[in-house]
Amino acid sequence: MAPDDFLRNRPSGYVTLVLRISDVHWASTTEIHEYDPCVQFNWNSLHADAPGLGEAFAIADSALDAGLGLDHWTAEYKRQAAMVIISDDEQTWSDFGDLDDDTDSDSELNRALRESQRCSQAHSRPAEKKPSQGNATSASSSYEHALRKIPTARPIPPVRFPFEQTSGRLLGLDRLGQSFTAPTSDVVEGELNTSDEFVQIKVGEEESELVLPMSCLWSRPYFRDARAGVMHFTHNENNLWELTHPGLSEVEPEDFAFAAEFLESGQFGLKVPVGHSENREAFAQCMSAWATADTLGMIDMMDHIVDKLTERIELDLWDMMVFACRFYEDMDVSLPAHDRLKDFLATYLAENFWIYIRDDHFSSVFIDRIQALPELEHDIYVRRTLALTQQLQSDDEDQDDDEDGEDNTTD
1 MAPDDFLRNR
11 PSGYVTLVLR
21 ISDVHWASTT
31 EIHEYDPCVQ
41 FNWNSLHADA
51 PGLGEAFAIA
61 DSALDAGLGL
71 DHWTAEYKRQ
81 AAMVIISDDE
91 QTWSDFGDLD
101 DDTDSDSELN
111 RALRESQRCS
121 QAHSRPAEKK
131 PSQGNATSAS
141 SSYEHALRKI
151 PTARPIPPVR
161 FPFEQTSGRL
171 LGLDRLGQSF
181 TAPTSDVVEG
191 ELNTSDEFVQ
201 IKVGEEESEL
211 VLPMSCLWSR
221 PYFRDARAGV
231 MHFTHNENNL
241 WELTHPGLSE
251 VEPEDFAFAA
261 EFLESGQFGL
271 KVPVGHSENR
281 EAFAQCMSAW
291 ATADTLGMID
301 MMDHIVDKLT
311 ERIELDLWDM
321 MVFACRFYED
331 MDVSLPAHDR
341 LKDFLATYLA
351 ENFWIYIRDD
361 HFSSVFIDRI
371 QALPELEHDI
381 YVRRTLALTQ
391 QLQSDDEDQD
401 DDEDGEDNTT
411 D
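Per this note's numbering, the sequence shown starts with residue 1, numbered consecutively.
So, in structure tokens, the structure goes:
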């Protein structure tokens, strides 16, 4: 069924042919980073997280190997644009009649494009407004209009994260966010004074203001849930919706950038970290984001953080020890996401227990920290006991199998 606004613009019985040229390859701005041909990337992970980005890298590698220069890409762009940008003088009945004998796929595609544009122009604009022949950017070029609407990327200065005072220092990172593109969710064009489509958010002790679309927040049960009596939205003195969650005053504005990005896109920070430095930065971002999500009760974001830690980030022994200690120090509630992260951290420390004990770099700090956190020490020993019990059972089964084999040989 066609949309109502489409039917209103079309006479009754008018048929529109929609031609699908090809699949659209896309990647969000936070998933796009500087291309480095010397860096190896995980094809499966990259292709799953950013459709089309892996193909773009492969095309770039092939172009480098072939030595293709700027002239080649200029000609390629003009060739593709010429398939759609057709002047009015070329769109005559005689031209389309000449194409009837074409049999190859390119000619058929060009003919279909020209036919669709001719029909579109005949029904959408008066004949007296025909543009001049000298205008290279014809109004009939829907492709070029689309290109004009694509915003050009511009460099964004590095973001300073307050969490450098904690996670950055503890993880041994001098700074965060060098390669991380800051979310732009607090930039909204237009007058918002009387708009119900946006929500004003005041973050931190100094109440730094930013604005997010209402659609990103209204359905979140930790911000609004009639059954649980939760309602953190109100109209302020400017007649604008405002998020009044009590935990916002405890969150640093720079840390809330991760939450804002997650609310809008469902992800945050580095999506596919490559190399040791990016993995450590992504881990520090998860630590910072967890503090914000935990304060605001954003259970879906906490689940996303645990998934990201377990599936996408190469873990570092020191980072995991620091995060585990901070988590057990600050934990005061127990939600499913807390239990998942608690099990993940304790299991990792238990599996690498003897590495922490024997390594001079970790030993003294590790022993002091777990002795100061009895719950963490208990969870580590519980998981070590379970692992050792399973190992003993496996050894007993292997021994029984060996004895049965010897008995059969004797018989």
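Yeah, the Cβ is synthetic: ideal placement off N, Cα and C, and Gly gets one too.
Identified DSSP bridge partners for residue i
i      : result
GLU209 : LYS202
VAL230 : ASP225
HIS235 : TRP241
Start-to-end residues for the alpha helix (DSSP H) that takes in residue i
i      : result
THR418 : This structure cannot settle anything about residue 418, because the visible part of the chain is limited to 1 through 411.
LEU349 : 336-351
GLN267 : Premise fails: GLN267 is in no alpha helix (DSSP H) and is neither H nor E.
LEU70  : 70-82
ILE370 : 363-372
VAL322 : 317-330
SER215 : 214-217
Cβ distance (whole Å) where residue i is taken to contact residue j below 8 Å
i      : j      : result
PHE323 : ALA289 : The pair is not a contact, with the Cβ atoms about 12 Å apart (cut-off 8 Å).
PHE234 : ALA259 : A quick correction: the sequence has Thr, not Phe, at residue 234. About 19 Å; that fails the 8 Å criterion.
LEU248 : ILE313 : Contact flag wrong, Cβ pair sits at about 28 Å.
GLY204 : GLU242 : Not a contact, Cβ separation roughly 15 Å.
LEU212 : GLU261 : At roughly 10 Å, the Cβ-Cβ gap does not stay under 8 Å, so LEU212 and GLU261 are not in contact.
LEU309 : PHE344 : 7 Å
ARG369 : CYS325 : 5 Å
TYR222 : MET298 : 6 Å
MET287 : ASP294 : About 11 Å separates the two Cβ atoms, so there is no contact after all.
ARG383 : ALA350 : 4 Å
Where residue i falls, given that 16 or more other Cβ within 10 Å makes a residue buried
i      : result
GLN391 : exposed
GLU397 : exposed
GLY177 : Note that GLY177 scores a pLDDT of 41, beneath 50, so its modelled location is shaky; the value from the coordinates is reported in the next line. The residue is buried, with at least 16 neighbouring Cβ atoms inside 10 Å.
MET231 : exposed
HIS361 : exposed
ALA66  : exposed
TYR348 : buried
GLN399 : exposed
ASP395 : exposed
LYS78  : exposed
ARG280 : buried
GLU375 : exposed
GLN133 : Confidence at GLN133 is low in this model, with a pLDDT of 43, below 50, so the placement of that residue should be treated as unreliable; the coordinate-derived value is given next. Exposed, since its Cβ has fewer than 16 Cβ neighbours within 10 Å.
ALA284 : buried
GLU278 : buried
VAL333 : exposed
LEU70  : exposed
PRO273 : buried
ILE305 : buried
GLY97  : Reliability of the predicted coordinates at GLY97 is poor, the pLDDT of 47 falling under 50, and the value obtained from them is presented with this limitation in mind. Classification of GLY97: exposed, given that the 10 Å Cβ count is below 16.
ILE355 : exposed
ALA346 : buried
GLU254 : buried
ILE86  : Residue placement at ILE86 cannot be trusted, given a pLDDT of 49 that sits under 50; what the coordinates show is reported in the next sentence. Answer is buried; the Cβ neighbour count reaches 16.
HIS415 : Here the chain has residues from 1 to 411 only, and residue 415 is not among them.
ILE59  : exposed
THR385 : exposed
VAL199 : buried
LEU388 : exposed
PRO183 : The predicted position of PRO183 is uncertain, since its pLDDT is 45 and thus under 50; a value taken from the coordinates is nonetheless stated next. Under this definition PRO183 is a buried residue.
ASP319 : buried
LEU335 : exposed
GLN393 : exposed
THR74  : exposed
LEU341 : buried
ALA226 : exposed
LEU68  : exposed
Hey, which unbroken runs of the alpha helix (DSSP H) at 4 residues or more fall wholly within the stretch 269-303? 275-296
Please give me, in chain order, every unbroken run of the beta strand (DSSP E) with length at least 3 that falls completely inside the stretch 371-395. none
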